[in-house]
Amino acid sequence: MRYESIAIHGGRMDDREKKAVNYPIYLSSTFAQPSLDQFQEFVYSRGNNPTRSNVENLAAELEDAKYGLALASGMAATSLVFGLLKQGDKVLINNNVYGGTWRFVSNVFADHGIEYEIVNDFNNYNFDTADSNVKMVFIETPSNPLLEITDIRKVSAEAKRKEILTVVDNTFLTSYFQKPLNLGADIVVYSATKYYAGHSDILAGLVMVNNDELYAKLKFLQNTYGGILSPIDSFLLARGIKTLSLRLDRHQKNAWLVAQYFQQHPAVKNVYYPGLKSHKNHEIQRSQADGDGGVLSIRLNDGWDSKKFIEGLKIFDLAVSLGGVESLICHPASMTHESYALELQNKIGIDNKLLRLAVGLEHQEDILEDISNALKEAKI
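Encoded structure:
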């Protein structure tokens with residue numbers, strides 16, 4: 000089956016009861032066993048729950064992955080992967096990533112004797128210069144919030160040559176537009192809160208992997224840490240996935256129109272969207288992804304006030320997160336990326352003029368009119 004059909008019919012486990020079209024919600028913390036000599040797959044819901052297993056299998060099938068794990072949030076998924084590291088290990092990470100990931104790396108790692116190194120441009124990084132204790136590369140592509148693109152094939156191949164794991168946060172594109180495992184990555188993580196769930200109503204995380212040994216370690220950590228996705232949220236995540244392709248097509252269409260509008264408007268100094276030919280890594284994006292997603296960032300010119308622009312918007316809500324049906328705008332420097340020190344913000348370009356837009360599913364003309372009116376109000 001093709002992606003759109005798998006999203007609706009994939010992942011289904013055998014329902015021995017009523018053969019429901021929608022997989023049931025198993026609200027049970029524990030499961031009775033046949034005997035002391037025979038323990039079944041489902042014993043205790045922290046280890047396995049049928050509803051969670053169903054969405055894990057569905058997400059893995061969409062990813063072309065052998066295994067999937069569902070967690071309570073995107074940060075639970077990222078934390079699970081970082082749990083593979085031990086004292087003395089080092090991680091290479093690109094210079095702009097989700098603020099929660101940066102908060103973990105810059106604060107929690109030190110308590111566990113784990114080091115990190117910021118890489119400004121993985122596309123030109125020489126892995127022969129990497130320290131011998133580097134055990135993991137963690138990249139977002141597109142990155143958050145500057146939409147930078149990393150060549151997954153190149154980085155994964157170089158990392159494998161040095162026996163380094165490559166982890167890709169694929170939240171902005173999902174497996175509908177990009178499949179990092181097929182490009183050589185070892186692990187893929189998601190905040191499934193975003194496009195997979197798609198309705199701003201649950202928190203969820205996903206981890207995808209092919210390697211049997213890696214899966215065994217991650218499954219052990221999932222059960223041990225206990226940050227699992229609840230049965231109800233697993234059901235809602237599976238429901239959201241059914242319309243993922245339809246929603247992402249519309250998100251992308253609207254984002255593309257918004258990016259083009261901004262590119263031609265005198266109020267906007269920079270537009271960051273990998274679908275634009277003006278993006279510095281547009282060709283890399285075209286070589287590894289089938290789409291560009293619904294998120295873009297802009298930097299306003301000096302003659303326009305960011306605060307007035309935000310306040311002038313009527314359709315866009317000022318809020319963190321993305322991937323829901325509604326359009327959102329955020330100010331990364333004070334919201335999603337406030338965990339970055341001011342010096343680092345300035346160094347990588349997360350300043351007060353930078354705004355990130357998650358373009359929703361509203362009518363395209365309403366979105367463009369809203370932006371146009373707000374820019375008029377923002378003129379100084």
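Here the sequence shown is numbered in numbering that gives the first Met the number 0, starting from 0 and rising by one per residue.
C-beta: ideal position from N, C-alpha, C; glycine also.
Tell me where the alpha helix (DSSP H) around Tyr175 begins and ends.
First-last of the alpha helix (DSSP H) with Tyr175: Thr173 to Phe176.
First and last residue of the uninterrupted beta strand (DSSP E) at Tyr189
It spans Ile186 to Ser190 - the beta strand (DSSP E) in which Tyr189 sits, taken as one unbroken run.
Which runs of the alpha helix (DSSP H) fall wholly inside the segment 26 to 74 and span at least 4 residues, in chain order?
With a minimum length of 4 residues, the continuous alpha helix (DSSP H) runs that stay inside the segment 26 to 74 are 49 to 62.
Quick one, are the C-beta atoms of Gly67 and Leu205 less than 8 Å apart?
Yes; because the gap between Cβ atoms is below 8 Å, this pair is in contact.
Between the segment 190 to 209 and the segment 315 to 334, do three or more beta carbon pairs fall short of 8 Å?
In short, these stretches touch, since the Cβ pair count reaches three.
Is the beta carbon of Arg298 less than 8 Å from the beta carbon of Asn269?
Contact: yes.
Buried or exposed: which applies to Pro265, given that a residue is buried once 16 or more other Cβ atoms fall within 10 Å of its Cβ?
With fewer than 16 Cβ atoms within 10 Å of its Cβ, Pro265 is classed as exposed.
Residue nearest to Gly73 in terms of C-alpha spacing, selected from Val80, Tyr25 and Ser190:
Measuring from the Cα of Gly73, the nearest candidate turns out to be Ser190.
Whole-angstrom C-beta distance between Leu70 and Leu228, which should lie under 8 Å
Confirmed, about 6 Å.
Can you tell me which residues form a DSSP beta bridge with Asn253?
DSSP lists no bridge partner for Asn253.
For Val104 and Asp130, I'd like the C-alpha separation in whole angstroms.
Straight-line Cα distance between these residues: approximately 18 Å.
With distance defined between alpha-carbon atoms, name the residue in Ser78, Ile370, Thr29 and Ala357 nearest to Lys218.
Selected option, being the one with the closest Cα: Ser78.
If you reduce the DSSP assignment to three classes, tell me which class Glu325 lands in.
Look at Glu325 here: in three-state DSSP terms it is coil, with no helix or strand label.
With 16 other CB atoms within 10 Å as the buried threshold, where does Pro179 fall?
It is buried - the Cβ of Pro179 has at least 16 other Cβ atoms within 10 Å.
So which of Asp36, Phe41 and Leu57 has the shortest CA-CA distance to Met0?
When only C-alpha atoms are compared, the closest one is Leu57.
Sequence-distant residues of its chain with Cβ nearer than 6 Å to Lys454 (five each side left out)
No answer is possible for residue 454: it lies beyond the span of the chain, which begins at 0 and ends at 379.
Contact check, Leu354 vs Ser296 under 8 Å by CB: the rounded distance?
Indeed they touch by this definition, with Cβ atoms about 7 Å apart.
In chain order, which beta strand (DSSP E) runs of at least 3 residues are fully inside the segment 265 to 352?
Segments of the beta strand (DSSP E) lying fully in the segment 265 to 352: 267 to 271, 294 to 299 and 327 to 329.
Taking all protein chains shown into account, decide if Asn300 is buried (16 or more other Cβ within 10 angstroms of its Cβ) or exposed.
That one is exposed.
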